[in-house]
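Add 27 to a position in the sequence shown, counting from 1, and you land on the number used in my numbering.
For every residue, glycine included, the Cβ atom is placed at its ideal position computed from N, Cα and C.
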Amino acid sequence: MLPTGDTNTENGPLGIVTIQLNDNQKVVFAGTHLNANATRRAAQTPVLVEKIKDITDPFIIAGNFNDRPPAGATYAPIISGAGLTLPCTTCPPNTGTNYSDFIMYKPADKFRIISHSVGASSTSAHMPVITQFTLFKD
Numbered sequence: 028m029l030p031t032g033d034t035n036t037e038n039g040p041l042g043i044v045t046i047q048l049n050d051n052q053k054v055v056f057a058g059t060h061l062n063a064n065a066t067r068r069a070a071q072t073p074v075l076v077e078k079i080k081d082i083t084d085p086f087i088i089a090g091n092f093n094d095r096p097p098a099g100a101t102y103a104p105i106i107s108g109a110g111l112t113l114p115c116t117t118c119p120p121n122t123g124t125n126y127s128d129f130i131m132y133k134p135a136d137k138f139r140i141i142s143h144s145v146g147a148s149s150t151s152a153h154m155p156v157i158t159q160f161t162l163f164k165d
């Protein structure tokens, strides 16, 4: 859970799962949803970084970060603090003209991005963000 610093607001979710691919290799996946309020999101960011910074296996995190990468105030501490990389340098918006849902990964030298796109339709205001990776063997 990611606390918001506000006792009247629910904590944000964070799920982390490790998948054993073979005898020698694991991949760690995480999903989260940071608060839409910038002050509450700022309280969640350092907790998120603390929980993921020491993961050394190949790692992918996806979620609603409620900010525009990479310039948004949310992304700088996550990217630098946890050593994450975005799959695109000019990421397309996924909510009309806005940004919020993204995928990040580490270490950069363990992955190759095959494609990154935003889906054309959804049952919500958020379009699906799709990144196809190749994971290099250990």
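- DSSP places A89 outside any alpha helix (DSSP H); the residue lies instead in the beta strand (DSSP E), whose first and last residues are 86-91.
- Taken through DSSP and simplified to helix, strand or coil, R95 comes out as coil.
- Burial state of V44 is exposed, judged by a 10 Å Cβ sphere holding fewer than 16 other Cβ atoms.
- Contact check for K80 and A109: beta-carbon distance about 5 Å, within the 8 Å limit, so the pair qualifies.
- Each of L29, L48, N49 was checked against the Cα of G42, and the nearest Cα belongs to L29.
- Straight through space, the alpha carbons of F56 and V156 are spaced by roughly 15 Å.
- The beta carbon of R67 lies closer than 7 Å to those of T31, G32, D33, T36 in the same chain, with the five residues before and after it left out.
- Sequence-distant partners of K133 (beyond 5 residues in either direction) whose C-beta falls short of 8 Å from its own C-beta, in its chain, are I82, P85, F86, A109, G110, L111, T112.
- Assigned with DSSP and collapsed to three states, T161 falls in strand.
- For S144, the enclosing beta strand (DSSP E) starts and ends at 138-145.
- Less than 8 Å separates the beta-carbon of I130 from that of A89.
- With distances taken between CA atoms, R95 lies nearest to A63 out of E77, A63, Q47, N49.
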